[in-house]
Amino acid sequence: MEAVAPEDWPCGSLTTIIDVDLQAQLTYESAVRLWFELMTEPVFGDLLHRHRHGDERVSADLYTVYSWGIDEHHEPFGDRSLDRLLKQVDERGRRPEWVLLAVEEESDNGLRVPGATGDCFSAALAVRCLEESREGAHFSASGTYWSPDLVAPAAVQADWCRAVKRFASQTAAAFANISDDNERVRTALDSALDRSEAESITMSRSVLRGYSWVTVCGSELVGRLGGASALEASGAFWRVHMFDHDAAYLQATERLNDYDSAAIERVFRALSPVLPAGVVKPTWGNDWPRLVHDDASRYH
44 MEAVAPEDWP CGSLTTIIDV DLQAQLTYES AVRLWFELMT EPVFGDLLHR
94 HRHGDERVSA DLYTVYSWGI DEHHEPFGDR SLDRLLKQVD ERGRRPEWVL
144 LAVEEESDNG LRVPGATGDC FSAALAVRCL EESREGAHFS ASGTYWSPDL
194 VAPAAVQADW CRAVKRFASQ TAAAFANISD DNERVRTALD SALDRSEAES
244 ITMSRSVLRG YSWVTVCGSE LVGRLGGASA LEASGAFWRV HMFDHDAAYL
294 QATERLNDYD SAAIERVFRA LSPVLPAGVV KPTWGNDWPR LVHDDASRYH
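Going by our numbering, the sequence shown opens with residue 44, and the numbers climb by one from there.
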């Protein structure tokens, strides 16, 4: 098979955001370790394994930012990198603004030969801490996988769902999603409504940050939506799972492939009472295909 340019790559992507409140029972260190433990295999597949076993075509880099442009660190990722990072955090007594592990199969001036369906060729895990949200940590991931139908393969989707669900459960997450249109720690709805990450995150206990193929809705918002029974009765979700901390895991369809305009509309209507006000309009370069172009406040 010949190498092709990015616009012709037969691939699909997944992204996730998870917001966690840190507390005595859940430290920054334990949350970060759990994040890497649960998400490494679902996100990277065998890509990181190839790097660890000497495949020179795969690069893996760990970036740590305490202050942009002033206090930034980078190292090739290895078996002890995470331990060194967390030791450094402990010694400084300060959390970094960003931690990013980026793993990628190198291309030939942007050209790639498509791999087997489901193989990952570029992915990242990140942890974000905001000055405006000192007691929180915000986890994100992205991965791109070879796929002839241009959507991440079903097996990859299922692996992500299991890992995100487990992480959200064990960390009592306030919000989470899985989609293919997040921008780091901004949801598509944040971007479409021009909401900053700080605004979106600090208000997330009272206003849902977004709605996606998979959405984890915090306990305060679940109560305003009528609880699990009302969410199930809405018909908008293929799966409704309540966590022990009373947040709800809401999966619209079994596969992302089936999350079409009708399914998106159902999720929007079901969650509109807790969504931010504002009309979603096309912007330069993005018409927001996973969002309803309407104002949720009309249905509050």
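Glycine included, every Cβ here is placed at the ideal spot set by N, Cα and C.
On a predicted model such as this, the values are computed, not experimentally measured, just so you know.
In the displayed model, Phe-311 falls within a helix according to three-state DSSP. Per DSSP, the continuous beta strand (DSSP E) segment holding Gln-294 begins and ends at 291–294.
The three-state reading of DSSP puts Glu-115 in strand, counting E and B together. Less than 8 Å separates the beta-carbon of Thr-107 from that of Leu-128.
With respect to Val-265, Asp-287 sits apart: the two C-beta atoms are not nearer than 8 Å. Every beta strand (DSSP E) stretch that sits fully inside the stretch 123–154 and reaches 3 residues is listed by chain position as 141–148. The C-beta of Gln-68 has fewer than 16 other C-beta atoms within 10 Å across all chains shown, which makes the residue exposed. Closest option to Gly-112, judged by alpha-carbon separation, among Gly-97, Asp-89, Asp-122 and Trp-141: Trp-141. Taking the C-beta atoms as reference points, Asp-233 is found no nearer than 8 Å to Thr-58.
The three-state reading of DSSP puts Phe-182 in strand, counting E and B together. Under the three-state reduction of DSSP output, Thr-83 falls in the helix class. Only exposed fits Trp-327, as fewer than 16 other CB atoms lie within 10 angstroms of its CB.
Taking 8 Å as the upper bound for CB-CB distance, Leu-144 and Leu-168 are in contact here, some 5 Å apart.
For Tyr-188, the three-state secondary structure derived from DSSP is strand. In this model, Ala-295 and Arg-205 are separated by some 15 Å (Cα to Cα). Of all C-beta pairs linking the stretch 235–252 to the stretch 171–187, three or more are shorter than 8 Å, placing the two stretches in contact. Between the stretch 60–74 and the stretch 210–218 there are three or more C-beta pairs closer than 8 Å, enough to call the two in contact.
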